[in-house]
Amino acid sequence: MGRKIQMSKLPEVDEIDRAKIEASLTKSYDRLQKLLNNDIFLKAHFKDFQRAGSRKNHSVQLHLSLPGIELSSSATDWNLITALQEALGKIEREAEKRTSQ
């Protein structure tokens with residue numbers, strides 16, 4: 000069965016960064032599915048906004064759905080990949096808390 004990962008409003012990035020983004024999402028998805036031992040759906044929403052001159056601040060919001068559980072996390076950083084990895088770390092920690100209860 001394929002991974003259920005949805006990305007929305009991913010900004011224009013080069014193929015190297017896109018590969019890093021997809022690899023991070025896939026790796027985290029696999030970890031979460033193994034941890035939760037259930038059919039999951041991971042949604043990643045990206046948003047850019049200008050803060051200082053030409054630099055962009057990136058916001059990443061994640062939403063994880065599975066039967067009986069809804070989790071979300073978000074992170075903001077000047078680097079898109081850093082923001083994504085921070086949000087993924089938060090949602091993984093939240094999932095671990097849920098399974099240990």
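In numbering that gives the first Met the number 0, the protein residues as written are 0 to 100. C-beta atoms are modelled at their ideal positions from N, C-alpha and C, and glycine is treated no differently. All of these numbers come straight from a predicted model, not from anything done at the bench.
Query	Result
Contact under 8 Å by Cβ, LEU65 with SER23	no
Whole-number beta carbon distance between GLU93 and LEU34, since they are thought to touch under 8 Å	Not a contact, Cβ separation roughly 11 Å.
SER53 versus LEU41: straight-line alpha-carbon distance, rounded	31 Å
From ILE80, SER99, THR75, VAL59, residue whose alpha carbon lies closest to that of ASP13	ILE80
The beta strand (DSSP E) enclosing LEU9, as first and last residue numbers	From DSSP, LEU9 is part of no beta strand (DSSP E); its letter is neither H nor E.
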